[in-house]
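The structure under discussion appears below in the form of structure tokens.
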Amino acid sequence: AQRVPELGLAASPVGMAGYSGGGMATAWAAALAPSYAPELNIVGAAAGGVPADLDNIARALGFQPHQAFGLAFAAALGLEREYPDRLPITAQLNPAGLALKDQVSNACTPVILATGAFKSALAVSTTTSLVDSPEAQQIIDENSLVKYAGVPT
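The numbering used here applies: residue 1 is where the sequence shown begins, and numbers increase by one.
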């Protein structure tokens with residue numbers, strides 16, 4: 001809208017808000033704005049429910065069954081979708097993991113939560129070698145907002 005001269009919004013202040021996935025998008029947009037949209041006059045960003053530290057979340061879940069496992073599993077599948085050569089999760093899934101992947105891929109949060117509840121990485125995989133993989137750790141770090149130097153305060 002700011003680039004449409006007829007609207008007269010070129011110098012307008014910009015505020016952003018989001019929660020959960022929208023919070024993550026809002027937080028990343030605010031953090032990356034100086035490098036991709038320096039012309040924006042961002043005056044505020046409110047982000048809630050942001051999974052900002054993926055490493056901390058993964059370690060907190062551990063290998064035991066957890067009620068939020070489905071969300072973590074879906075997030076991991078999303079990272080695999082973005083980085084298929086660097087994070088080959090599907091190759092390490094057992095039949096139960098492949099079935100869970102089929103159920104949660106492209107599903108909404110309530111389905112992901114219900115389907116993945118009280119499952120664990122040990123129950124759905126043939127190995128946990130990715131946990132110690134430097135490549136996997138790099139992907140987690142690249143996608144963890146708290147590790148990005150440009151996070152606004």
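Think of the CB as a built atom: it goes at the ideal place given N, C-alpha and C, for glycine as much as any other residue.
For a cut-off of 8 Å, the C-beta gap from Ala72 to Leu61 is around 5 Å, short enough to register as a contact. Relative to the Cα of Ala52, the nearest Cα in the group Leu98, Leu122, Pro110, Gly22 belongs to Gly22. For the pair Gly48 and Leu113, the CB atoms are not nearer than the 8 Å cut-off. About 6 Å separates the CB atoms of Val14 and Asn41; that is less than 8 Å, so the two are in contact. In this chain, the beta strand (DSSP E) harbouring Pro13 covers 13 to 19.
Burial state of Glu80 is buried, judged by a 10 Å Cβ sphere holding 16 or more other Cβ atoms. Using a C-beta cut-off of 8 Å, the region 116 to 129 makes no contact with the region 26 to 39, since fewer than three inter-stretch Cβ pairs fall below that distance. Annotation: Leu145 to Leu93 spans about 27 Å, alpha carbon to alpha carbon.
For Asn56, no beta strand (DSSP E) run applies; the uninterrupted alpha helix (DSSP H) run containing it begins and ends at 54 to 61, by DSSP. Within the region 96 to 143, the complete alpha helix (DSSP H) segments at least 4 residues long are 109 to 116, 121 to 124, 134 to 142, listed from N- to C-terminus.
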